[in-house]
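Student: In this note's numbering, the protein residues as written are 92 to 181.
Dropping a structure here in structure tokens format, bear with me for questions.
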């Protein structure tokens, strides 16, 4: 029996990407980022950009799709965190 590894890649992409949706929704609704680390979200978002570039280089649609969506969600969270940090709302 052959394993469809592309399906596994898309399933992994959907699961890990969707895990950021609740945090993004909560952050956008409440604007509360006091419990989030600016350093962690900055490094994470940069890492997602690198993964996206890597996925584009490989032409791997699972990597591209997952990281494009994750970049959008992580960027929303990071932008609120940066705004709160510089306006002292932490």
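For glycine and all other residues, C-beta sits at the position ideal for the given N, C-alpha and C.
Put residue 94 into one of helix, strand or coil per three-state DSSP.
Tutor: coil
Student: How far does the alpha helix (DSSP H) with residue 170 in it extend, from its first residue to its last?
Tutor: 152-177
Student: Whole angstroms is fine: what's the gap from residue 129's alpha carbon to residue 178's?
Tutor: 14 angstroms
Student: Under a three-way DSSP split, which group does residue 180 fall into?
Tutor: coil
Student: Using CA coordinates, which residue listed in 150, 125 and 140 is at the minimum distance from residue 159?
Tutor: Taking residue 159 as reference, the option from 150, 125 and 140 with the minimal CA-CA separation is 140.
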